[in-house]
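Have a look at the structure below before the remarks.
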Amino acid sequence: MSGRLAIGICCYPTFGGSGVIATEIGLGMARRGHRVHLFAYDRPARLSDDEADVIFHRVDVRDYPVFHHPPYALAMSSRIVDVARHEPLDLVHVHYAVPHATSAFLAREILGADGPRIVTTLHGTDITLIGRDPIYRPVARFSIERSDAVTVPSRWLAEETRRLLELAHVPIEVVPNFVDPERFTAAPPREPGDCARLVHVSNFRAVKRVEDVVAIFAGVVARRPARLVLVGDGPEMGRVEALVDALDLRRHVDFLGERHDVRAVLAGADLFLLPSESESFGVAALEAQAVGVPVIASHVGGVPEVIADGETGLLLPIGDVAGMTEAALGLLADPERLLRMRAAARARAIEHFEINAVLDRYEALYRRLLAS
Ligand code: GMT
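Residues in the sequence shown are numbered from 0 upward in steps of one, following numbering that gives the first Met the number 0.
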């Protein structure tokens with residue numbers, strides 16, 4: 000099928016990577032001339048008000064006394080049906096199996112022969128936490144099976160999906176997450192000898208182990224001048240602040256909260272820290288690499304597919320705070336190695352994860368599905 004496509008995108012509108020990736024796919028497809036409808040319970044962080052090319056549909060979940068839990072998944076289905084009845088959708092690209100793939104399946108059933116194709120992109124915790132939870136597993140598995148195409152951002156997540164949900168019979172395509180190197184431009188290296196700046200960006204969930212970030216920083220600042228910049232917010236923030244205070248580090252740490260200008264923050268960084276417990280990919284680490292910031296991270300999940308260990312960053316076992324501290328100090332003490340890593344990080348982001356190359360793959364997938 001050639002020509003203009005009508006594409007629906009469903010996502011969580013949060014600062015997390017899945018919302019960023021879904022929104023950027025929508026914006027990219029709109030730039031390519033496709034008609035894009037984006038469904039979410041709020042306007043996604045990266046969909047600014049002037050992005051008129053993507054039509055935003057808020058999914059309102061109405062509460063009634065009889066509902067103990069308002070049924071968001073049904074509201075999402077109804078919203079898709081409503082839009083598709085006015086303007087047929089060729090396909091709906093959902094991000095997160097639970098409940099978006101389920102909502103899309105239901106919408107397609109309601110729409111019948113005119114229903115859209117469904118592309119489901121899994122992002123990580125929808126498999127590793129929600130998908131394996133017996134409360135959701137049967138529905139997650141069914142909704143993935145009934146998708147017309149399933150993609151994941153890393154080979155690791157493809158394996159985990161097949162293993163945890165026993166889905167060996169479902170074709171799963173690895174389509175990596177991406178970055179726009181023209182937006183996340185390379186930053187000039189900082190002067191050697193400056194106060195080192197370590198940055199962490201996340202949604203401050205337990206899985207990110209932000210307390211390890213603080214502990215690593217404590218080890219670094221004990222041995223050389225350094226600042227820690229924390230971007231984001233989330234459930235662990237209280238514990239992180241408490242640890243910063245317990246270690247008497249407040250004067251060395253900047254808490255920036257959720258920010259839209261992540262590139263500007265990364266531009267002032269020497270190192271990016273991502274000591275997560277689990278990570279299917281790590282969009283924040285990719286954005287850091289695009290700006291030329293080497294990453295010190297856990298050797299976990301899909302992270303080794305994003306960061307080339309020893310070339311664009313250093314990967315250590317989960318929880319190895321001492322190892323990560325030594326890794327950071329070692330790099331900061333070796334400006335020439337740091338410079339080489341900066342260049343390699345930027346080059347890797349462009350070579351393997353450039354936005355247009357990945358959008359080409361999604362567009363080809365959409366057309367293949369519609370032709371079949
Ligand atoms: O990691 C999170 O808490 C947020 C979550 C999300 O909704 O964006 O991230 C998942 O999807 C991202 C985009 O594909 C990946 O970069 C993250 O690695 C993945 N998180 C986990 O697997 C824990």
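Glycine included, each C-beta is placed from N, C-alpha and C at the ideal position.
CB contact flag (Leu46, Val35, <8 Å): no
Nearer than 7 Å: is that true of the beta carbon of Ile317 relative to any heavy atom of ligand 1? no
Could you check whether Gly15 and Phe280 sit closer than 8 Å to each other, using their CB atoms as the reference points? no
Going by DSSP in three states, Ser297 sits in which element: helix, strand or coil? strand
Helix, strand or coil at Asp113 [DSSP, three-state]: helix
By the three-class DSSP mapping on this structure, what secondary structure does Ala195 have? Of the three classes helix, strand and coil, the one that applies to Ala195 here is strand, per DSSP.
Below 8 Å on the Cβ atoms is my contact criterion, and I expect Val173 with Leu285 to pass it. Report the Cβ-Cβ distance as a whole number of Å. That pair is no contact at about 15 Å.
Pick from Gly301, Arg223, Tyr11 that is closest to Ala72, judged by C-alpha positions: Tyr11
Any heavy atom of ligand 1 closer than 7 Å to the CB of His122? yes
Quick check on Val290: does DSSP put it in helix, strand or coil? Residue state, collapsed to three classes: helix.
So what does DSSP say about Gly375, is it helix, strand or coil? Since the first residue shown for the chain is 0 and the last is 371, residue 375 is missing from the structure and cannot be characterised.
Would you mind reading off the limits of the beta strand (DSSP E) that contains Phe55? 53-57
Tell me which residue opens and which closes the alpha helix (DSSP H) that Gly312 is part of. If you look at Gly312, you'll find it isn't in any alpha helix (DSSP H); it sits in the beta strand (DSSP E) that goes 312-315.
Suppose you measure from the CA of Val320 to the CA of Ala327; what does that come to, to the nearest Å? 10 Å
Below 8 Å on the Cβ atoms is my guess for Ile126 versus Ala103; work out the distance and round it to an integer in Å. In this structure Ile126 is not in contact with Ala103, their Cβ atoms being roughly 17 Å apart against a cut-off of 8 Å.
Consult DSSP for Phe177 and reduce its assignment to one of helix, strand or coil. coil
Indicate whether Leu88 and Pro115 have their beta-carbon atoms separated by less than 8 Å. yes
Quick check: the segment 347-359 against the segment 234-254, are at least 3 beta-carbon pairs closer than 8 Å? no
State the DSSP-derived secondary structure class of Thr13, mapped to helix, strand or coil. coil
Sufficient close CB pairs (3 or more, under 8 Å) joining the segment 157-164 to the segment 126-144: Touching, per the Cβ criterion.
Quick one: does the C-beta of Val206 sit closer than 7 Å to a heavy atom of ligand 1? yes
With a threshold of 7 Å, establish whether the CB of Glu278 neighbours any heavy atom of ligand 1. Yes - ligand 1 has a heavy atom lying nearer than 7 Å to the Cβ of Glu278.
Excluding the 5 residues flanking Ala307 on each side, which residues of the same chain have their C-beta closer than 8 Å to its C-beta? Ala343, Arg347
Kindly examine ligand 1 and report whether one of its heavy atoms sits closer than 7 Å to the Cβ of Leu354. The question names Leu, but residue 354 in the sequence shown is Ile. The answer is no for Ile354.
Can you list, in chain order, the residues of its chain whose CB lies under 7 Å from that of Ala266, leaving out five sequence neighbours each side? Ala186, Val290
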